[in-house]
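**Student:** This is the structure I want to talk about, given as structure tokens.
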Amino acid sequence: MSNDFYINFIRPNAGIIIKICRAYSYSQEDFEDLYQEVCLQIWRTKDNFIGNSEWSTWVYRITLNVCMTFQKTEAKRTFQNGILDSVPEALSTDSSAIQEESLSQLYMAIKQLSVIDRAIILLYLEEKSYQEIAEIIGTNSNNIGVKIQRIKNRLKKLIIRHYE
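Numbering (this note's numbering) for the sequence shown: 18 to 181.
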């Protein structure tokens, strides 16, 4: 992968790649492996991009596919305790301790969702439209709003349960 490709095509989408990889990993090592695998898959499949959607949609789809495949293989392993509390320093943003704790709790709750629900809520948090979410997930946009509301309610319950 050339440095130019990384700078022009990966780096502008690094935020979403990081968020999705973080939601599907349980350790720093897993996060780094996923991030690297996603970047490699984006590079390998770049010639398959035909422009029917935006490049960012392509990146979302590849990132989710890599992470979902990882999740399926990880399900066979024993669940590792703990959560990924931070992204690599070079990729992280400044935040207060309270914000970081809230973010950690949110990611912990998101990790308890099904693979598809996890993908939907991550796209929603990135402020994608229902149509964009449906396109990326490969489903009908008619029920995305209902699914998002149900996912939000589930996340609230998971977070509240954590503090009880």
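Yeah, the Cβ is synthetic: ideal placement off N, Cα and C, and Gly gets one too.
1) From aspartate 134 to glutamine 122, what distance separates their C-alpha atoms?
2) What distance in whole Å lies between the Cβ atoms of serine 42 and leucine 51, which are believed to be in contact at a cut-off of 8 Å?
3) Could you have a look at isoleucine 176 and say whether DSSP puts it in helix, strand or coil?
4) Secondary structure at isoleucine 34, three-state DSSP: helix, strand or coil?
5) Rounded to whole angstroms, what is the Cα-Cα separation between glutamate 106 and glutamine 166?
6) Pick from Trp75, Ser70, Glu54 and Lys145: whose alpha carbon is nearest that of cysteine 84?
7) Does the separation of the CB atoms of leucine 139 and alanine 40 fall below 9 Å?
8) Output needed for isoleucine 127: all residues of its chain with C-beta closer than 8 Å, excluding positions within five of it in sequence on either side, in chain order.
9) Give the range of the alpha helix (DSSP H) segment to which arginine 28 is assigned.
10) Using only alpha-carbon positions, find the residue among Asn25, Cys38 and Asn30 that is nearest to valine 132.
11) Pick helix, strand or coil for phenylalanine 66, following the three-state DSSP scheme.
12) Nearest to cysteine 56 by CA position, among Thr74, Glu71, Asn170 and Tyr23, is which residue?
13) If you draw a straight line from the alpha carbon of isoleucine 153 to that of isoleucine 177, how long is it in whole angstroms?
14) With 16 as the cutoff for other CB atoms within 10 Å, does isoleucine 142 come out buried or exposed?
15) What do you get for threonine 62, buried or exposed, if any count of 16 or more other CB atoms within 10 angstroms of its CB means buried?
16) Do you know how far the Cα of tryptophan 75 is from the Cα of serine 146?
17) Could you spell out the range, first to last residue, of the alpha helix (DSSP H) harbouring leucine 139?
**Tutor:** Straight from the coordinates:
1) Along the sequence shown, one-based indexing puts residue 134 at 117. Along the sequence shown, one-based indexing puts residue 122 at 105. Taking the Cα positions, aspartate 134 is about 17 Å away from glutamine 122.
2) Residue numbering aside, residue 51 sits at position 34 when the sequence shown is read from its first letter. Residue numbering aside, residue 42 sits at position 25 when the sequence shown is read from its first letter. Contact annotation, leucine 51 with serine 42: C-beta distance approximately 5 Å; criterion of less than 8 Å satisfied.
3) Indexing the sequence shown from 1 puts residue 176 at position 159. Helix, per DSSP.
4) Counting from one through the sequence shown, the residue named residue 34 turns up at place 17. Collapsing the DSSP output to three states places isoleucine 34 in a helix.
5) To locate residue 106, count along the sequence shown from 1; it is residue 89. To locate residue 166, count along the sequence shown from 1; it is residue 149. Reliability of the predicted coordinates at glutamate 106 is poor, the pLDDT of 41 falling under 50, and no value is obtained from them.
6) For the purposes of this step, residue 84 is identified with residue 67 of the sequence shown, where counting begins at 1. Nearest option by C-alpha distance: Glu54.
7) Along the sequence shown, one-based indexing puts residue 139 at 122. Along the sequence shown, one-based indexing puts residue 40 at 23. Going by C-beta atoms, leucine 139 is nearer than 9 Å to alanine 40.
8) Here residue 127 is taken as the residue at index 110 of the sequence shown, counted from 1. Only Ala40, Arg135, Ile138, Leu139 and Leu172 meet the Cβ criterion.
9) The residue given as residue 28 occupies position 11 in the sequence shown. Counted as a single uninterrupted DSSP element, the stretch harbouring arginine 28 is not any alpha helix (DSSP H), since DSSP gives it neither H nor E.
10) Here the question's residue 132 lines up with position 115 in the sequence shown. Answer by Cα proximity: Cys38.
11) Taking the sequence shown and counting its residues from 1, one reaches residue 66 at position 49. Coil at phenylalanine 66, not helix or strand.
12) For the purposes of this step, residue 56 is identified with residue 39 of the sequence shown, where counting begins at 1. From the listed residues Thr74, Glu71, Asn170 and Tyr23, the smallest Cα separation to cysteine 56 is found for Tyr23.
13) The residue you call residue 153 lines up with position 136 of the sequence shown. The residue you call residue 177 lines up with position 160 of the sequence shown. Between the C-alpha atoms of isoleucine 153 and isoleucine 177 there is a straight-line separation of about 30 Å.
14) As a first step, residue 142 must be located in the sequence shown, where it is residue number 125. This sequence places leucine at residue 142; isoleucine is not what is there. Under this definition leucine 142 is an exposed residue.
15) Position 45 of the sequence shown, counting from 1, holds the residue named residue 62. Around the C-beta of threonine 62, fewer than 16 other C-beta atoms lie within 10 Å, and the residue is accordingly described as exposed.
16) The residue you call residue 146 lines up with position 129 of the sequence shown. The residue you call residue 75 lines up with position 58 of the sequence shown. In this structure, the alpha-carbon of serine 146 lies about 15 Å from that of tryptophan 75.
17) On the sequence shown, position 122 is the one that residue 139 refers to. Bounds of the alpha helix (DSSP H) holding leucine 139 are 132 to 142.
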